[in-house]
Structures are given as structure tokens and as C-alpha cells.
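Here is the structure we will look at, set down as C-alpha cells.
Residue numbers (this note's numbering): 292 to 396.
Here you go:
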């Protein structure tokens, strides 16, 4: 039980007295990000995807790198309509919403 407390467990835990629980075993391998308490949601605007990279155009490779970084940092893509409607219930716990928009496409 001490391992659960050390890992920050505050809820119910099914306990088996034959098992030695450790904090390391109870910590999720996936990072959990705190919610945006101020209600802000990251909105990124892209213009064009193509070659070459310039002020208004992102290369496909760099766009992919952007998406991979967002995912690695715990962002979860949502639709702008859902954000406007205040419906972000599809965002998994521990993830942060991000909206991608495309102008001039």
C-alpha cells in the first residue's frame, strides 16, 4: 500500500496480500499532463503543405515532425467545431486538446 501512496495513488486499489506493490510498478509509462485550468486550447494555423519550406509553406517532412512532437508532448487533435461547441469530451484523460487549421488550402 505504501507503494501506491508514493506513486500518488488517491483512489481505490484492489489489493492482493501475496503481491509486493512498488511505486515504480504503479506509475504509468505514459506521461499525464495536467488540464488547462484556464480553458485555453492551442490552435495552430497552417497555410500550405509543400516544397520548399518558406514563410507560408511547411514541407511535408516538417509538418509530420510537428505532428509527432505534438503527440509526444501529450496533445490530442480535436475538431474546431467541437471546440466551439465546448464539447471536448473525446480528449482522453491526461491529454491536452489541439486544433489544427488550414488557411489558403
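For each residue, glycine too, the CB sits at the ideal point set by N, CA and C.
Annotation: residue 383 is outside any alpha helix (DSSP H) and is labelled neither H nor E by DSSP. With a contact defined as Cβ atoms closer than 8 Å, residue 334 and residue 366 miss out at about 11 Å.
Remark: C-beta atoms of residue 350 and residue 342 approach each other more closely than 7 Å. In this model, residue 344 and residue 309 are separated by some 59 Å (Cα to Cα).
Residues of the same chain with a CB within less than 7 Å of the CB of residue 382, apart from the 5 flanking positions on each side, are 367, 369, 388 in chain order. Between the C-alpha atoms of residue 374 and residue 386 there is a straight-line separation of about 15 Å.
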